[in-house]
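When we follow our numbering, the leftmost residue of the sequence shown carries the number 46, and every step to the right adds one.
Note that the Cβ used here is the ideal one computed from N, Cα and C, for glycine as well.
From a predicted model like this one, the values you see are computed outputs, not experimental measurements.
Remarks on the structure that follows.
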Amino acid sequence: MLVFTFGSLVVSKTIISTTNSPEAIGPYSQAVNIKGGLTFTSGQIPLNKSGVIISNDFEEQVSQVLKNIQGILKERNRDISDIIKLTVFIIDLSNFKILNKIFEDFFKGHDFPSRSVVEVSKLPKNSQVEIEAIFFDD
Numbered sequence: 046m047l048v049f050t051f052g053s054l055v056v057s058k059t060i061i062s063t064t065n066s067p068e069a070i071g072p073y074s075q076a077v078n079i080k081g082g083l084t085f086t087s088g089q090i091p092l093n094k095s096g097v098i099i100s101n102d103f104e105e106q107v108s109q110v111l112k113n114i115q116g117i118l119k120e121r122n123r124d125i126s127d128i129i130k131l132t133v134f135i136i137d138l139s140n141f142k143i144l145n146k147i148f149e150d151f152f153k154g155h156d157f158p159s160r161s162v163v164e165v166s167k168l169p170k171n172s173q174v175e176i177e178a179i180f181f182d183d
């Protein structure tokens, strides 16, 4: 745990590492928790726990990324209702409708988090989607 002081505000952060989701593929943490508030995940791509892209199918890739995010939530004893913001990077914006349907099904019965979707030219390991999450975590 690292502790930072900003004037009278003391903030501590904890690095999150879990076997519930694939290991980071570079020099970064799976997620970082700011004590008493939020956890920020690194971008998740559609890797299985062995570190292999699961499929070339967009829908399957999005589903795997959401499972990976759920693995981090589980590590923190949280669930999808705690997600407050998602940033989605996709390589083909024509998949936007499909993405919306997957999210609609995934969050069924829960409030939708805020979300941004950004088209990019390329993602790590040639994946079609990468998602970052911010979730409430005291």
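With 16 or more other Cβ atoms from the protein chains shown falling within 10 Å of its own Cβ, I147 counts as buried. Look at S62 here: in three-state DSSP terms it is coil, with no helix or strand label.
Setting aside the 5 residues that flank it on each side, F152 is surrounded in the same chain by I125, P158, each with a C-beta closer than 8 Å to its C-beta; the list follows chain order. In the pairwise beta carbon analysis, the region 135-149 is classified as not touching the region 61-70: fewer than three pairs are separated by under 8 Å. Here the alpha carbons of T132 and D102 stand approximately 20 Å from one another. In the DSSP assignment, S108 falls within the unbroken alpha helix (DSSP H) covering 103-120. Counting every other CB atom within 10 Å of its CB across the protein chains shown gives N122 a total below 16, marking it as exposed.
Cβ-Cβ distances below 6 Å link S161 to T132 in the same chain, with the five nearest sequence neighbours on each side left out; the list follows chain order. Pairing D182 with N78 gives a Cβ-Cβ distance under 8 Å. With 16 or more neighbouring CB atoms inside 10 Å of its own CB, S172 falls in the buried class.
According to DSSP, residue pairing for S159 in a beta bridge involves K130.
Distance between I61 and G154, taken at the CA atoms: about 28 Å.
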